[in-house]
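Undergrad: Here it is, the structure, as structure tokens.
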Amino acid sequence: MQLEEALKRAADSIRAGDYGSARVILIETLRLHPDAEEGWLLLSYALEDPQEKIRCLERVLHLNPDNQLAQHRIAKLRPSPSIPSSGGAQPAHEEAPLARLARTMGAEPELPRAMRAAGRDSAELRGRPAEGATTLREPMGEGLASKRPLPRGLAIAGGVILFFGVIAGGLYLTFNFIDRAQSTEVGPLPTPTLLQPPDLPTNLPTDVSGVGLPPEWTPTVTHTATSTPPPTATRTVTLTATMIPPDATSAALMDRIDKEVADIRGLPVRKDVGRYVISAIRVRPILEATFLGAGGSQEALQDEARTLSSLGLIKPTYDLYTNALNGLTDSLGGFFFPWSGELFVIGDRFTGVEHWVYSHEYGHAIVDQEFHIGEFGVYPVCEGDEQRCQAIRALVEGDATLVMYQWWQQYAGPQDYRDIQNYRPPRQTLPEQYPPPYAYKDSEFPYSYGLVFVNYLHERGNWAGVNEAYHNLPASTEQILHPERYVSGEPVIQVADRELGASLGDGWRLLESNSLGEWTTYLILAYGADISAQMDDANSQAAAEGWGGDHYQVYYNDEAGQTVLAAHWVWDTSADQSEFSRLMKEHLEQRFRGTVLNRPHGACWGVNQQVSCIFSSGLETLWLLTPDEETQDDLLALFPTFR
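Laid out in structure tokens, this is it:
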């Protein structure tokens, strides 16, 4: 990705309120271009801490002392010490940085060049829609503070806990995007939008996690191990032994919400549920105990990192441990254990925000009592096809999110509205610096697209239509992304490949043998760890949409420290195959920026003791990643269609 394109993507993310993605793009860009004046200026909008904003702006002025915008922003961020603030502490992030700047300056300085888009009035870019312009909406990634399940290899996350992260800043889901579900065809990867619930103000800021620059002025996104070491396998924690039951007042409110959720969902309350309100400080021990109890280990996370790294979704140095724990809960939300019938709401009190989260978690509990979701092969550990597990999690989470929406409409009172209006959740329960773009984007799937899927069924047949889905479970992420394909019963094409182990010989062990599905195929193209290799989002959606089936295998040699990957896709049509293969080739060209290899089959690149080749034939695409050309030849022999 060229400098100008990277700055434009970062600016687009800032305009959309997606500060996390903007930070990731800008930090990597500034590592490569430390003298990019606009990059430092944009980063000052994407950071939370005022002092770190000032440091960025000082760097701008060091590069260009005449930069008016940097001068004005520093003046605003450095209040006069002789005039104490009369109000409380202001949010560290400007609620709308460009709009606030426009209000506080007599003559508006020129915006960063990357913020100025052709065909858009400067008023729109400063937070005011231009005439005829499309309103910029809050992205789902910022609105629903949900996290990705535990990594694919462990399949513990969404597999261990059904969780919900509270909607940031009191923003609430609306269903203008779900109108598509009533049509005969749902577009590829529809992007849900967020608006405020009734009676809430329209200028609520989006809170972001407290992320700052590393000490050096040339930032890097290399991740270091978490400061809290993973628990050892011998450690045991009893989850409920020290859990304090809710007080009488909270219990009475919970009983009321139980009945309200049961009324919404049309399901009977069959048994009592363990209910706990826990403070944020108690979350990590519970998550660590759950992680261990499901068989998690640091060794398994390292293998998972090798798998995700081979796919290009994370960098090899990224530590998955805190990310894995965050995958079990997020942002003062809640979680439900189907195997023990316990639900947890994170908070210091049981007020409006907690009521809202509780309605979601109790939605899980009452569905589990009726349909026994713990027996689906998804919880606590995914058994078999991982994308099937992703699809089932999307059904379950979409169900509970729709319940929560209806509870808000029918039962939330004025105090609930006020509590949520004043709610400023952190982005993550367990702070983590610079998670990769993939982690943020993947967190959207079970909630945003699960909600689209469930609402599609609800519009067709009310809650009875949703109930039927638990007797005929979705089989792929494709069916979630395109609900009409679930209704029509479009099957998944089974791709059966020979195992690579025999051809690889001694010293190689299998890390993963599974399927990617349409969703992860899309993420590989558009949300990889190498920003320069990220393809256009819309093009990536279109390229992944023709997915019919796939199978991938990852092997690792501990002694040599080498990885082998084989990913084999089958597409619905030859046009679908051509569209994907073309974009995947472009992606690999950017990711493996080394020598193009002249080989008799496929398109190949060689760099850093890695040989990456893509092949296509008929309806099929094959991607092989090996440490050398000889291994490429050995593995290609297992796929005669591509020779």
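Everything in the sequence shown is counted per the working numbering, starting at 1015 for the first residue and increasing by one. Every residue, glycine too, gets a C-beta built ideally from N, C-alpha and C.
Excluding sequence positions up to five away, which residues of its chain have a Cβ less than 7 Å from the Cβ of Met1268?
TA: The residue labelled residue 1268 in the question sits at position 254 within the sequence shown. The answer, listed in chain order, is Pro1260, Arg1289 and Tyr1372.
Undergrad: Whole angstroms are fine: how far does the CA of His1086 sit from the CA of Leu1342?
TA: Translated into the one-based positions of the sequence shown, residue 1342 becomes position 328. Translated into the one-based positions of the sequence shown, residue 1086 becomes position 72. Approximately 42 Å, taken between the alpha carbons.
Undergrad: Taking only the alpha-carbon atoms, compute the straight-line gap between Thr1326 and Pro1614 and give it to the nearest angstrom.
TA: For the purposes of this step, residue 1326 is identified with residue 312 of the sequence shown, where counting begins at 1. For the purposes of this step, residue 1614 is identified with residue 600 of the sequence shown, where counting begins at 1. According to the sequence displayed, residue 1326 carries Gly and not Thr. In a straight line, the C-alpha of Gly1326 is about 25 Å away from that of Pro1614.
Undergrad: When you compare each of Ser1027, Gly1562, Asp1049 and Trp1585 to Leu1017 by their alpha carbons, which one comes out closest?
TA: To locate residue 1017, count along the sequence shown from 1; it is residue 3. The candidate whose alpha carbon is nearest that of Leu1017 is Asp1049.
Undergrad: When you compare each of Asp1520, Ala1426 and Ile1406 to Gly1464 by their alpha carbons, which one comes out closest?
TA: Position 450 of the sequence shown, counted from the start, is the residue given in the question as residue 1464. Here the closest residue by C-alpha is Ile1406.
Undergrad: On the CB-based measure, 16 or more other CB atoms within 10 Å of its CB, does Asn1528 come out buried or exposed?
TA: Start at 1 with the first residue of the sequence shown, and residue 1528 comes out as number 514. Counting Cβ neighbours within 10 Å, Asn1528 comes out buried, since at least 16 surround it.
Undergrad: Name the residue from Ser1324, Tyr1500, Ile1068 and Glu1302 whose alpha carbon lies nearest to the alpha carbon of Thr1336.
TA: Looking up residue 1336 in the sequence shown gives position 322. Answer by Cα proximity: Glu1302.
Undergrad: Distance, Cα to Cα, Arg1166 vs Leu1339?
TA: In the sequence shown, counting from the first residue as 1, residue 1166 sits at position 152. In the sequence shown, counting from the first residue as 1, residue 1339 sits at position 325. Its pLDDT being 44, under 50, Arg1166 is placed unreliably by the model, and the measurement read from it follows with that caveat. Approximately 14 Å between the Cα atoms of the pair.
Undergrad: What first and last residue would you give for the alpha helix (DSSP H) that runs through Tyr1431?
TA: Taking the first residue of the sequence shown as position 1, residue 1431 is located at position 417. From DSSP, the alpha helix (DSSP H) with Tyr1431 extends over Pro1428 to Gln1435.
Undergrad: Can you check which of these residues, Ala1483, Asp1520, Ala1510 and Gly1515, is closest to Gly1503 by C-alpha distance?
TA: Against the sequence shown, residue 1503 aligns to sequence position 489. The residue from Ala1483, Asp1520, Ala1510 and Gly1515 with its alpha-carbon nearest to that of Gly1503 is Ala1483.
Undergrad: Taking buried to mean at least 16 other C-beta atoms within 10 Å of its own C-beta, is Asn1436 buried or exposed?
TA: Position 422 of the sequence shown, counted from the start, is the residue given in the question as residue 1436. So Asn1436 counts as exposed.
Undergrad: With a threshold of 16 other CB atoms inside 10 Å of the CB of Gly1542, please say whether the residue is buried or exposed.
TA: Reading the sequence shown from its first residue, position 528 is the one you call residue 1542. Gly1542 is buried by the Cβ-count criterion.
Undergrad: Using the C-alpha atoms, what's the distance from Trp1421 back to Arg1270?
TA: By 1-based counting over the sequence shown, the position of residue 1270 is 256. By 1-based counting over the sequence shown, the position of residue 1421 is 407. Computed Cα separation, rounded: 12 Å.
Undergrad: Quick one: what does DSSP say Thr1415 is sitting in, helix, strand or coil?
TA: Position 401 of the sequence shown, counted from the start, is the residue given in the question as residue 1415. DSSP places Thr1415 in helix when its eight states are reduced to three.
Undergrad: Short of 6 Å in beta carbon distance, which residues of its chain neighbour Ser1027, apart from the five on each side in sequence? Order them along the chain.
TA: Taking the first residue of the sequence shown as 1, we reach residue 1027 at position 13. Taken in chain order, the residues that qualify are Ser1035 and Ala1036.
Undergrad: Kindly confirm or deny that the segment 1510 to 1525 and the segment 1543 to 1555 touch, where touching means at least three C-beta pairs closer than 8 Å.
TA: no
Undergrad: Applying the criterion that 16 or more other CB atoms from any shown protein chain within 10 Å of the CB defines a buried residue, is His1565 buried or exposed?
TA: Mapped onto the sequence shown, residue 1565 falls at position 551. Buried is the call here.
Undergrad: How about Tyr1569 and Leu1514: are their beta carbons less than 8 Å apart?
TA: Residue mapping note: residue 1569 aligns to position 555 of the sequence shown, counting from 1. Residue mapping note: residue 1514 aligns to position 500 of the sequence shown, counting from 1. Yes, the Cβ-Cβ distance between Tyr1569 and Leu1514 is below 8 Å.
Undergrad: Which runs of the alpha helix (DSSP H) spanning at least 4 residues fall entirely within the segment 1019 to 1064, listed in chain order?
TA: 1033 to 1046 and 1051 to 1060
Undergrad: Is the separation between the beta-carbon of Trp1585 and that of Gln1576 shorter than 8 Å?
TA: As a first step, residue 1585 is located in the sequence shown; it is residue number 571 there, counting from the start. As a first step, residue 1576 is located in the sequence shown; it is residue number 562 there, counting from the start. Taking 8 Å as the Cβ cut-off, Trp1585 and Gln1576 do not qualify as a contacting pair.
Undergrad: Is it true that the CB of Ala1379 sits closer than 8 Å to the CB of Gly1355?
TA: Counting from 1 along the sequence shown, the entry for residue 1355 is found at position 341. Counting from 1 along the sequence shown, the entry for residue 1379 is found at position 365. In this structure, Gly1355 lies near Ala1379, with their beta-carbon atoms less than 8 Å apart.
Undergrad: Take the Cβ of Thr1242 as the centre, count every other Cβ of all protein chains shown within 10 Å, and call the residue buried at 16 or more, exposed below.
TA: As a position in the sequence shown, residue 1242 is number 228, starting the count at 1. Annotation note: pLDDT 38 at Thr1242 (below 50); position unreliable, no value reported.
Undergrad: Hey, is Lys1273's beta-carbon within less than 8 Å of any beta-carbon in chain D?
TA: Any reference to chain D falls outside this structure, which holds one protein chain only.
Undergrad: In terms of residue numbering, what span does the alpha helix (DSSP H) encompassing Gly1012 cover?
TA: What the structure shows of the chain is the stretch from 1015 to 1657, and residue 1012 is not part of that stretch, so it cannot be assessed.
Undergrad: Straight-line CA distance for Thr1534 to Val1275?
TA: Residue numbering aside, residue 1534 sits at position 520 when the sequence shown is read from its first letter. Residue numbering aside, residue 1275 sits at position 261 when the sequence shown is read from its first letter. Approximately 33 Å, taken between the alpha carbons.
Undergrad: Evaluate the contact criterion for the segment 1598 to 1614 versus the segment 1630 to 1649: three or more CB pairs, one atom per stretch, below 8 Å.
TA: yes
Undergrad: Which of the three DSSP states, helix, strand or coil, is assigned to Thr1236?
TA: For the purposes of this step, residue 1236 is taken as the residue at position 222 of the sequence shown. Below a pLDDT of 50, predicted positions are generally treated as unreliable, and Thr1236, at 32, falls in that range; no measurement from the model is reported.
Undergrad: Just to confirm, is the Cβ distance from Glu1051 to Leu1021 under 8 Å?
TA: Here residue 1051 refers to the residue found at position 37 when the sequence shown is read from its first residue. Here residue 1021 refers to the residue found at position 7 when the sequence shown is read from its first residue. Contact flag unset, no.
Undergrad: Output needed for Lys1285: all residues of its chain with C-beta closer than 8 Å, excluding positions within five of it in sequence on either side, in chain order.
TA: Here the question's residue 1285 lines up with position 271 in the sequence shown. Cβ within range, chain order: Gly1355 and Gln1383.
Undergrad: Ignore the nearest five residues each way along the sequence and tell me which others in Ile1328's own chain have a CB closer than 6 Å to its CB.
TA: Locating residue 1328 in the sequence shown gives position 314, counting from the first residue. Hits under 6 Å: Leu1322, Pro1450 and Ala1543.
Undergrad: Taking the straight line between their C-alpha atoms, what separation do you get for Arg1432 and Arg1363?
TA: Here the question's residue 1432 lines up with position 418 in the sequence shown. Here the question's residue 1363 lines up with position 349 in the sequence shown. Distance between the alpha carbons of Arg1432 and Arg1363: 15 Å.
Undergrad: Check the DSSP bridge columns for Thr1577 and list the partner residues they point to.
TA: For this step, residue 1577 is matched to residue 563 along the sequence shown. BP columns for Thr1577 point to Tyr1570.
Undergrad: Where does Asn1486 fall in DSSP's three states?
TA: By 1-based counting over the sequence shown, the position of residue 1486 is 472. Three-state DSSP puts Asn1486 in coil, outside helix and strand.
Undergrad: Thinking C-alpha only, which one of Asp1272, Ala1651 and Val1625 is nearest Asp1642?
TA: Position 628 of the sequence shown, counted from the start, is the residue given in the question as residue 1642. For Asp1642, the nearest C-alpha among the options comes from Val1625.
Undergrad: What are the start and end residues of the beta strand (DSSP E) that includes Leu1638?
TA: If you number the sequence shown from 1, residue 1638 lands on position 624. Run containing Leu1638: Glu1634 to Thr1640, per the beta strand (DSSP E) assignment.
Undergrad: Considering only residues of the same chain and omitting the five flanking positions on each side of Ser1281, which have a CB-CB separation below 6 Å?
TA: Sequence index remark: in the sequence shown, residue 1281 carries index 267 (1-based). The question names Ser, but residue 1281 in the sequence shown is Leu. Same-chain partners within the cutoff: Ile1380 and Glu1384.
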